[in-house]
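Chains as they are written, first to last, in our numbering: chain A, 4 to 117; chain B, 174 to 286.
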């Protein structure tokens, strides 16, 4: 299967701990996006990369969140000092081309902060 | 400020009926309007998309109607089937700032036999 892969699928952590998620995009895709989705809501944009460059971050993105995409391949999203409000599904998507290109989503990492 | 407003929140349709979901957007610079379908436990998947230079696009049982002057677009699902039961999201992107996709809050569709 050559779709977008996200790991882990589920993560339970205690408030104040750091967590890191990984996303492996479709190999030929140059753009990689991170979105957050809470129950009953649509995906909310967090940040995106073109190759290894991080081009945009949402103004809503706390400085506790950081993302990397070394060598323009896989990406990691780290949340430091987690809070209960961080509990959500974190979705990764990739595309070939710009913002008018179809996004291919992974199945997400569900984070629960206790 | 929500850039894309979607309605209804939920929808129940009889098998074989027509499902209609509406979306309104704020930013007149948006120039790409897709609809995504999401099943429980899965990520959203692109269903159909339209650019503002056409007023309608049809792919199989799915049709997007687009009204640029009203800043509205809608998804029509003809001959709705139980397998269409899912959550549907409208979205918009583009413009001079190359805004990444912003999504509506979603419509949960249930198709009953």
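The beta-carbon is built from N, C-alpha and C at its ideal position, and this holds for glycine as well.
query: Is the shortest distance between the beta-carbon of residue 275 of chain B and the beta-carbons of chain A less than 8 Å?; result: yes
query: Measuring CA to CA, which of A/40, A/16 and A/79 is closest to residue 217 of chain B?; result: A/40
query: What are the complete beta strand (DSSP E) segments, minimum 3 residues, inside the region 236-265 of chain B?; result: 245-250
query: What is the C-beta distance between residue 290 of chain B and residue 197 of chain B, in whole angstroms, given that I count them as a contact (C-beta under 8 Å)?; result: Within the shown structure, residues of chain B are numbered from 174 to 286, placing residue 290 of chain B beyond reach of any answer.
query: If you draw a straight line from the alpha carbon of residue 233 of chain B to that of residue 249 of chain B, how long is it in whole angstroms?; result: 11 Å
query: Take residue 81 of chain A and list the residues in its own chain whose beta-carbon comes closer than 6 Å to its own, dropping the five residues that flank it on each side.; result: 23 and 69
query: Can you list, in chain order, the stretches of the beta strand (DSSP E) that have 3 or more residues and sit fully within the region 8-90 of chain A?; result: 8-10, 13-16, 22-27, 34-40, 47-53, 56-60, 68-71 and 78-82
query: Helix, strand or coil for residue 197 of chain B per DSSP?; result: strand
query: Answer with yes or no whether the minimum CB distance from residue 53 of chain A to chain B is below 8 Å.; result: no
query: Using a Cβ distance threshold of 8 Å, determine whether the region 208-227 of chain B contacts the region 178-190 of chain B, with at least three qualifying pairs required.; result: no
query: Is residue 113 of chain A helix, strand or coil when you go by DSSP?; result: strand
query: How big is the Cα-Cα spacing for residue 106 of chain A and residue 20 of chain A?; result: 31 Å
query: Can you tell which of A/51, A/18, A/47 and A/42 has its C-alpha closest to the C-alpha of residue 32 of chain A?; result: A/51
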